[in-house]
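Worksheet: the structure to be examined is printed underneath.
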Amino acid sequence: MTRQTQDQHILERYTDQPARLPEELRPQLEAELGGDIRLYALADLDADLRLAETWVALGDASVALARRDAVSGVWATAGFARSTVTAVRETSGLSNGVLTVEGAPGEPPLAVLRYTQRQRRAMENLRFVLDEALGGRSVPTGDADAMYVGGVAGPVREAQALVAGREMTVLRRLLGYLRPYRRQVALGMAAATVITAVSLVPPRLAGYLIDRVVRPVQDGALRLDRAVHVAWLAVAAMALVYLVRQAAAVVRLRLMSVIGEWVTRDLRRELYTHLQRLSLSFFSRKKTGGLITRVTSDTDRLWEFLAFGFVDVSLSLVMLVGLSAVLLTLDWRLGLVMTVPVPLFCWMIFRHGEGMEPLFLRAWRKWSRLTDVLSDTIPGMRVVKAFNQEGRETERFSTRNADVTDEINRVHHVWTTFWPALVLLVHLTTLGVWVFAVPRLLGVDAPGLSAGAFVSFLLYATMFTAPIEVIGQMARIMNRATTSAHRVFEVLDTEPELTDDPHPVRLEPVRGHVVFENVTFGYDGVRQVVRGMSFDVALGEMIGLVGPSGGGKTTVINLVARFYDATGGRVLVDGVDIRRLDSGHYRRQVGIVLQDPYLFHGTVLENIRYGRPEATLTQVIDAARAANAHDFVCKLAHGYDTVVGERGHTLSGGERQRVSIARAILNDPRILILDEATSSVDTETEYEIQEALDRLIRGRTVFAIAHRLSTLRRADRLFVIEDGRIVESGTHEQLLALPSGVYRRLYTLQRELA
Amino acid sequence: MSTVGLAQKTIAQHSGRPEGELRLTRRPDGRLWAERKGEARAVSVRRCFPWSEPARFVSLRDDEEEEFALVADLSDLDGTSRAALEAALAEAGFVFRVTAIREVDEEVEIRGWRVDTVQGPRRFQTRLDDWPRELPGGGILIRDVAGDLYHVPDPQALDRKSRRLLWAFVD
Numbered sequence: 029m030t031r032q033t034q035d036q037h038i039l040e041r042y043t044d045q046p047a048r049l050p051e052e053l054r055p056q057l058e059a060e061l062g063g064d065i066r067l068y069a070l071a072d073l074d075a076d077l078r079l080a081e082t083w084v085a086l087g088d089a090s091v092a093l094a095r096r097d098a099v100s101g102v103w104a105t106a107g108f109a110r111s112t113v114t115a116v117r118e119t120s121g122l123s124n125g126v127l128t129v130e131g132a133p134g135e136p137p138l139a140v141l142r143y144t145q146r147q148r149r150a151m152e153n154l155r156f157v158l159d160e161a162l163g164g165r166s167v168p169t170g171d172a173d174a175m176y177v178g179g180v181a182g183p184v185r186e187a188q189a190l191v192a193g194r195e196m197t198v199l200r201r202l203l204g205y206l207r208p209y210r211r212q213v214a215l216g217m218a219a220a221t222v223i224t225a226v227s228l229v230p231p232r233l234a235g236y237l238i239d240r241v242v243r244p245v246q247d248g249a250l251r252l253d254r255a256v257h258v259a260w261l262a263v264a265a266m267a268l269v270y271l272v273r274q275a276a277a278v279v280r281l282r283l284m285s286v287i288g289e290w291v292t293r294d295l296r297r298e299l300y301t302h303l304q305r306l307s308l309s310f311f312s313r314k315k316t317g318g319l320i321t322r323v324t325s326d327t328d329r330l331w332e333f334l335a336f337g338f339v340d341v342s343l344s345l346v347m348l349v350g351l352s353a354v355l356l357t358l359d360w361r362l363g364l365v366m367t368v369p370v371p372l373f374c375w376m377i378f379r380h381g382e383g384m385e386p387l388f389l390r391a392w393r394k395w396s397r398l399t400d401v402l403s404d405t406i407p408g409m410r411v412v413k414a415f416n417q418e419g420r421e422t423e424r425f426s427t428r429n430a431d432v433t434d435e436i437n438r439v440h441h442v443w444t445t446f447w448p449a450l451v452l453l454v455h456l457t458t459l460g461v462w463v464f465a466v467p468r469l470l471g472v473d474a475p476g477l478s479a480g481a482f483v484s485f486l487l488y489a490t491m492f493t494a495p496i497e498v499i500g501q502m503a504r505i506m507n508r509a510t511t512s513a514h515r516v517f518e519v520l521d522t523e524p525e526l527t528d529d530p531h532p533v534r535l536e537p538v539r540g541h542v543v544f545e546n547v548t549f550g551y552d553g554v555r556q557v558v559r560g561m562s563f564d565v566a567l568g569e570m571i572g573l574v575g576p577s578g579g580g581k582t583t584v585i586n587l588v589a590r591f592y593d594a595t596g597g598r599v600l601v602d603g604v605d606i607r608r609l610d611s612g613h614y615r616r617q618v619g620i621v622l623q624d625p626y627l628f629h630g631t632v633l634e635n636i637r638y639g640r641p642e643a644t645l646t647q648v649i650d651a652a653r654a655a656n657a658h659d660f661v662c663k664l665a666h667g668y669d670t671v672v673g674e675r676g677h678t679l680s681g682g683e684r685q686r687v688s689i690a691r692a693i694l695n696d697p698r699i700l701i702l703d704e705a706t707s708s709v710d711t712e713t714e715y716e717i718q719e720a721l722d723r724l725i726r727g728r729t730v731f732a733i734a735h736r737l738s739t740l741r742r743a744d745r746l747f748v749i750e751d752g753r754i755v756e757s758g759t760h761e762q763l764l765a766l767p768s769g770v771y772r773r774l775y776t777l778q779r780e781l782a
Numbered sequence: 040m041s042t043v044g045l046a047q048k049t050i051a052q053h054s055g056r057p058e059g060e061l062r063l064t065r066r067p068d069g070r071l072w073a074e075r076k077g078e079a080r081a082v083s084v085r086r087c088f089p090w091s092e093p094a095r096f097v098s099l100r101d102d103e104e105e106e107f108a109l110v111a112d113l114s115d116l117d118g119t120s121r122a123a124l125e126a127a128l129a130e131a132g133f134v135f136r137v138t139a140i141r142e143v144d145e146e147v148e149i150r151g152w153r154v155d156t157v158q159g160p161r162r163f164q165t166r167l168d169d170w171p172r173e174l175p176g177g178g179i180l181i182r183d184v185a186g187d188l189y190h191v192p193d194p195q196a197l198d199r200k201s202r203r204l205l206w207a208f209v210d
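Residue numbers (our numbering), protein chains in the order written: chain E, 29 to 782; chain B, 40 to 210.
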C-alpha cells in the first residue's frame with residue numbers, strides 16, 4: 029500500500045471529509061484556473077464558524093474557490109489572479125485558523141479561508157507556495173492529491189502508523205510466526221487434546237464402578253473376588269489415566285512455553301534489527317519509552333498468548349463441545365438441564381468484561397493523575413522546597429491517592445459481586461440436575477436413573493466451570509494479544525525512508541570534498557527547511573555555520589551525514605551523489621561530536637573504541653591524549669576500565685565531551701561535524717576541549733555549528749544561514765566588513781554581552 | 040486566595056492604564072483596528088485567561104506580536120468597540136461545542152469519538168492516554184490528534200447515553 033492510498037484510507041475511516049477533491053468539482057476549478065490544479069485544501073468552516081465545505085485550489089496563475097451551498101448543495105465558484113495577491117496572512121485561534129489573502133491595500137481581502145486544525149497542514153502548503161511566490165521564488169509542489177490527503181491524515185498516521193487492521197488478520201499474521209515450529213506446535217496441540225480426552229475418563233469410570241461392581245456386589249449378583257479383581261483394574265486404569273494426563277501436561281506446557289519464547293525471541297530480533305534500519309525521523313516521531321515497551325512487554329504479552337491463551341481458548345471450546353456431547357449421550361434430559369444455560373453463562377462473563385471496561389478506564393485515568401503528581405514534583409523538588417509548598421503537594425497527592433483507591437475499590441466491588449453470583453447460578457443448574465434426578469433415582473419418576481450414571485454426571489458437571497471461564501474471557505485475551513501484535517507490526521511495517529542504492533558506491537577512502545547543488549529539504553509537506561542551497565567545500569576546509577536557531581543549520585549537517593536525503597537538488601561527496609553511496613560505509617568515515625555527547629553503558633575503553641573495536645590500546649591512549657582525556661581518565665580509580673553511561677560512573681559534561689572527541693579521533697573521519705560541541709561547558713573546560721578539537725580538525729573537512737562565534741575563529745569560511753538559505757559567506761574579516769551584515773550584527777551583540 | 044485570583048489582582052493593579060479612550064473597529068480590509076491617542080494599528084486578539092476569565096484581560100497584539108493594549112474588562116469599552124472585539128474574540132476563541140456524544144471506541148493507540156457539535160456532526164481521534172482536561176470555568180476540553188478542541192460545557196446536562204459514554208472521562 030502506498031503512502032497516498034494509506035492516507036486516503038485513513039480519511040475514509042476516521043473523518044467525514046472526502047479523501048480527495050470531489051470529481052465533479054475538478055473541471056469547474058480547472059476552468060476557473062485556466063490550467064492544472066497544483067495544490068488544494070479544504071476550508072471547513074464558514075463565516076459563522078459552522079462546519080462547511082469550501083475548496084481552494086491553486087493553479088500556476090490563479091487561485092480558485094468552490095463553496096458548497098449548505099441548503100441546495102450547489103457549488104459556487106470564484107477566483108482571482110495570483111498576480112493580484114499582495115500578502116498572505118495566517119492567524120490561528122484556539123482550534124481554528126484563518127488564512128487571509130490580501131489584494132490592494134485598504135480593499136476587502138481577496139479571500140478569507142476559515143478552517144479547523146485538521147486542515148492546517150494542507151492550508152500551510154498553500155500559504156507557503158503563495159508566500160514564496162511573493163518573494164519571487166517558485167516551489168515544486170508534487171502531486172496535489174497526495175499533498176492534500178497527506179496533510180489531513182498526518183496526525184492520525186503519526187498517532188498510529190499502521191491503520192488498524194481487522195482483528196483476525198492481525199491474529200493470523202501472529203500465528204504465522206508459529207510456522208517454523210509447526211511440528212512442535214502440532215505435538216503440543218496433540219498433547220493438549222490428550223489431556224482433554226483423558227479428563228473425560230475418570231467420571232465415566234466412577235459411574236461404571238458403582239453400577240457394574242459396587243451395586244451388583246451389594247445385590248449379590250457379582251462374586252466378591254471377581255468384583256475385587258475388577259475394582260483393582262479400575263484403580264489401575266485411573267492411575268494410568270492420571271499418569272498419561274500429567275505426562276501429556278508436561279509435553280503441552282513445556283512445548284508451548286518454549287515455542288512461545290522462540291516466537292517472541294524471533295519477534296524481538298526482527299523488531300530490533302528493523303529498528304536499526306529505520307531512519308532517524310522515525311525516532312524523532314516516536315517516544316523512546318513506547319518503543320522499548322514494544323520490544324519488551326508487548327512481546328512478553330504475545331508469549332502469554334501463544335503459550336497459553338491460544339491453546340487454552342481453542343481447547344476450552346473443544347472441551348465444552350466434548351462435555352456437552354458426553355452429558356447428552358449419558359442422559360439427554362439431564363444433559364439439557366446442564367448444557368442449555370452454558371451459552372448464557374459465557375454471554376454473562378462477556379458482558380461483565382464489557383461492563384468493566386469503563387471502570388478500568390476510569391481507574392486508569394485516576395491512576396495516571398496520581399503518577400502525574402509524582403513525575404511533576406520529584407524532578408521539581410527544588411522548586412517545591414524553595415516555595416515551601418510541601419504541604420500543598422502532599423495534600424494534592426493524598427486527594428488523588430484517595431481517588432484512585434475509591435476507583436479501584438469500585439472495580440473490586442463489581443467483580444467480587446459478579447463471580448460469586450455466577451458460581452451461584454452454576455450451582456443452581458447443578459441443583460436443577462438434582463431436582464430432576466432425585467425422583468428418577470428413587471424410581472418415583474420414569475425413566476429410572478442408575479446411581480453410577482448420576483455420580484458420573486455430577487462429576488462431569490463440575491468440569492464445566494473452567495472452560496466457561498476461559499471462553500468468557502476469550503474476547504479480552506484476543507484483544508490483548510491483537511493490541512500487542514498490532515503495536516509490534518506497526519514498527520515492522522514502517523519502511524525506512526532512506527534506502528540504499530542496490531549497487532552502492534563505496535568511497536575508499538572518502539576524501540572530503542562536499543558540494544551542495546541547489547539542495548532543498550522539507551520534513552513534511554511543501555514547507556522547506558533548506559531552500560535551494562549551493563556551496564562547494566574543498567578538502568580539509570573548515571566551515572562554520574552560524575545563524576538563528578531554526579534557520580536550518582542542523583538540517584544542513586543532517587544532510588551531510590545523510591541522516592536524511594535531500595528532497596530536491598543533490599549533495600555530492602568527492603563528486604558522487606550521496607544517495608548512491610553505501611550509507612553505512614560512508615557514515616563510518618563521518619565523525620560527529622554533539623553538544624551533549626551520548627556515551628553507552630560500558631567502560632571508557634569500550635566507548636572510545638565504539639567505532640573501531642579492533643584499535644590497539646596504544647591507539648586508544650594516543651586518541652585520548654589528543655582529546656585531552658587521558659589525564660582525567662587516569663585519575664579515575666578504574667582508569668579506562670571505569671564503567672560510564674547510564675547507571676555507571678557520572679562524568680561531567682566536559683569529560684564526556686572529551687571522551688566523545690577521543691572516540692571521533694580514533695575513528696579518523698574524513699568529514700567531521702561539530703554540533704555546538706563546546707556550548708555546555710565552563711570556560712576553562714572549553715579551552716581544553718577547544719584545544720582537543722583543534723587537533724581533531726587538522727586535515728579534515730569540518731562543518732561546525734556554534735552560537736558562540738569566538739569558537740569559530742579557526743574556520744576557513746563562515747556560512748550565515750537564515751531561513752533555509754545562505755545569506756552571507758566568507759571569512760570572519762570579510763563578513764565583518766559588510767556594513768549591515770547579519771554576521772556583523774551578531775558578532776557585535778556578542779561582544780557587547782561578553 | 041487561589042493563584043488565578045492572585046494573578047488577576049496583580050495584573051489589574053499594574054495595568055491601571057485608562058482603556059476608555061481605546062476604540063476598536065472592523066475596517067473594510069476585514070481586520071480589527073485599534074486606535075488610541077491618534078495611533079491606529081491592525082491587531083489580533085488573545086485572551087489571557089480563555090477558560091477561567093474569558094470576558095476579562097484581552098491582549099490586543101499587532102503584527103509584530105507586541106501588545107498594543109490590554110483590555111482588562113470588556114465593559115470598559117464603548118458599545119461599538121465592544122461589539123467589534125466580541126466578534127473578533129468569537130473567531131479567535133473558536134472551539135467545537137459538543138452537544139451529544141454518539142460513540143466512543145478504542146483502537147490500538149487511538150480512541151475514536153463521534154459527536155454532535157453546535158457546528159455540526161464530527162468524528163475525531165485522541166491518543167489513548169490523552170485524557171480530557173477539566174477546565175477552571177467548568178466543563179471539559181478534549182483535544183484531538185490534529186489539535187482541534189472540543190468543549191463540553193456541562194457534562195451533566197447531556198443526554199443519558201452521552202453521559203454514560205463520557206462517564207469514564209469526567210469526575
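By construction, the Cβ of each residue, glycine as well, lies at the ideal position given by its N, Cα and C atoms.
Spatial distance of Thr316/E from Val140/E (CA atoms) | 41 angstroms
Beta-bridge pairing of Leu268/E - partner residues as DSSP gives them = Paired residue(s): none; Leu268/E is not in a bridge.
Under the assumption that Leu587/E contacts Phe549/E (Cβ atoms under 8 angstroms), give the Cβ distance between them as a whole number of angstroms.
-> 6 angstroms
Between Gly540/E and Thr729/E, is the Cβ-Cβ spacing less than 8 angstroms?
-> yes
Going by the CB atoms, is the gap between Ala509/E and Gly337/E shorter than 8 angstroms?
-> yes
Relative to chain E, which residues along the region 120 to 134 of chain B have a C-beta separation below 9 angstroms, given in chain order?
-> Ala129, Glu130, Ala131, Gly132, Phe133 and Val134
Test item: CB-CB of Arg80/B and Phe88/B under 8 angstroms | no
Taking C-beta pairs closer than 8 angstroms, name the residues in chain B that Glu135/E reaches, listed in chain order.
-> Pro67 and Asp68
Note down, in chain order, all residues in the region 520 to 537 of chain E with a beta-carbon under 9 angstroms from any beta-carbon belonging to chain B.
-> none
Would you mind reading off the limits of the beta strand (DSSP E) that contains Phe107/B?
-> Glu106 to Asp112
Spell out the partners DSSP gives Thr144/E in its beta bridges.
-> Asn124/E
Answer with yes or no whether the minimum CB distance from Val82/B to chain E is below 8 angstroms.
-> no
Identified DSSP bridge partners for Pro160/B | Asp155/B
Sequence-distant residues of its chain with Cβ nearer than 6 angstroms to Glu81/E (five each side left out) | Arg96
Nearest to Ala150/E by alpha carbon, out of Val84/E, Val102/E and Leu215/E?
-> Val84/E
Members of the region 496 to 514 of chain E near chain C, C-beta cut-off 7 angstroms = In the displayed structure, chain C is absent; the protein chains listed are E and B.
In angstroms, rounded to a whole number, what distance separates the CA positions of Gln195/B and Arg202/B?
-> 7 angstroms
Distance between Thr445/E and Val43/B (C-alpha atoms, nearest Å) = Residue placement at Val43/B is poorly supported in this model, since its pLDDT is 42, which falls under 50; the coordinates are not used for a value here.
Endpoints, alpha helix (DSSP H) assigned at Ala225/E = Arg210 to Ser227
Thr357/E, enclosing beta strand (DSSP E) - first and last residue | No beta strand (DSSP E) holds Thr357/E; the alpha helix (DSSP H) holding it covers Phe338 to Leu358.
To the nearest angstrom, how far is it from the Cα of Val604/E to the Cα of Asp610/E?
-> 11 angstroms
Pull up the DSSP beta-bridge partners for Glu142/B, would you.
-> Arg153/B
Do Glu497/E and Ile377/E have their C-beta atoms within less than 8 angstroms of each other?
-> yes
At 9 angstroms on the CB atoms, spell out the chain E contacts of Ala185/B, in chain order.
-> Thr144, Gln145, Arg146, Gln147, Arg148, Arg149, Val180, Gly182, Pro183 and Val184
Nearest CA to the CA of Asp751/E: which residue from Gly575/E, Met409/E, Arg232/E and Val256/E?
-> Gly575/E
Leaving aside the five residues before and after Leu67/E along the sequence, list all residues of the same chain whose C-beta is less than 7 angstroms from its C-beta, in chain order.
-> Leu86, Asn153, Leu154, Val157, Thr169, Ala172 and Met175
Using a Cβ cut-off of 8 angstroms, pull out every chain E residue sitting near Pro89/B, in sequence order please.
-> Leu122
Please state whether DSSP places His190/B in a helix, a strand or coil.
-> strand
Drop a sphere of 10 angstroms on the beta-carbon of Thr427/E, count the other beta-carbons inside from all chains shown, and report buried for 16 or more, exposed for fewer.
-> exposed
Secondary structure, beta strand (DSSP E): runs of 3+ residues fully inside the region 676 to 718 of chain E | 699 to 703
Backbone secondary structure at Met284/E - three-state DSSP = helix
Alpha carbon to alpha carbon, how far is Ala277/E from Pro369/E? Give it in angstroms, no decimals.
-> 30 angstroms
Assumed close pair Glu148/B, Leu167/B - CB separation to whole angstroms, cut-off 8 angstroms = 6 angstroms
Cβ of Ala207/B within 8 angstroms of any chain E Cβ = yes
So which residues of chain E does Gly159/B contact, with C-beta pairs closer than 7 angstroms?
-> Arg78 and Leu79
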